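Some notes on the structure that comes next.
Numbering (my numbering), first residue to last: 368 to 524.
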């Protein structure tokens, strides 16, 4: 079963997913946690639920750290090569269900980049999968993977 947690930006999707994982105590997954400097969000870090490992993933183009290797960019954001190595390693090594993925974004749904291919594989495996996605992308997700009527949707306000 695929459960989609959806909502607008800052509606609590990541926190909701984290609480689901903590409540059940089973499975594995990855969260995108906001990264702050001087009380200002400048990007996101990836956090592996099972190991607690964390790595830089997305930064504002104006706030790139030294030695940043960009894999993709969208608008004002830069996505790190190291972040995609990390997320792909985690997603390929996840063996226990349910699986939690935060967040499917424009890079995957509109550009078919990022971890799009791995997402497609997971969806086709017919496993218990929890994903977060902005409400503006939910139709694209359903259309792309033929999920109409096959998902449980939780909408956060």
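Each residue gets a CB set at the ideal place from its N, CA and C atoms; glycine is no exception.
Just so you know, these numbers come straight off a predicted model, no measurement behind them.
Assuming residue 460 contacts residue 485 under a Cβ cut-off of 8 angstroms, what Cβ separation, rounded to an integer in Å, is found between them? Residue numbering aside, residue 460 sits at position 93 when the chain shown is read from its first letter. Residue numbering aside, residue 485 sits at position 118 when the chain shown is read from its first letter. Actually they do not touch by this definition, with Cβ atoms about 11 angstroms apart.
Beta-carbon spacing of residue 526, residue 384 below 8 angstroms: The requested residue 526 does not occur in the structure, where the chain is confined to residues 368 to 524.
Tell me which residue opens and which closes the alpha helix (DSSP H) that residue 450 is part of. Along the chain shown, read from residue 1 onward, the residue named residue 450 stands at position 83. From DSSP, the alpha helix (DSSP H) with residue 450 extends over 448-460.
Closer than 8 angstroms by C-beta to residue 507: which residues in its own chain qualify, once you throw out the five before and the five after it? Chain order, please. Numbered from 1 along the chain shown, position 140 holds the residue referred to as residue 507. 476 and 477.
Proximity of residue 469 and residue 397 at Cβ, strictly below 8 angstroms: Your numbering for residue 469 matches position 102 in the chain shown. Your numbering for residue 397 matches position 30 in the chain shown. In contact: residue 469 and residue 397 (Cβ atoms closer than 8 angstroms).
Contact set for residue 464: own chain, Cβ-Cβ below 7 angstroms, skip 5 residues either direction: Here residue 464 refers to the residue found at position 97 when the chain shown is read from its first residue. Cβ within range, chain order: 394, 494 and 495.
For residue 431, the three-state DSSP class (helix, strand or coil): What you label residue 431 is simply residue 64 of the chain shown in a count that begins at 1. The answer is coil: DSSP assigns residue 431 none of H, G, I, E or B.
Could you check how far apart the C-beta atoms of residue 378 and residue 524 are, in whole angstroms? I think they sit under 8 angstroms. One-based indexing of the chain shown puts residue 378 at position 11. One-based indexing of the chain shown puts residue 524 at position 157. The Cβ separation is near 6 angstroms, so the contact holds.
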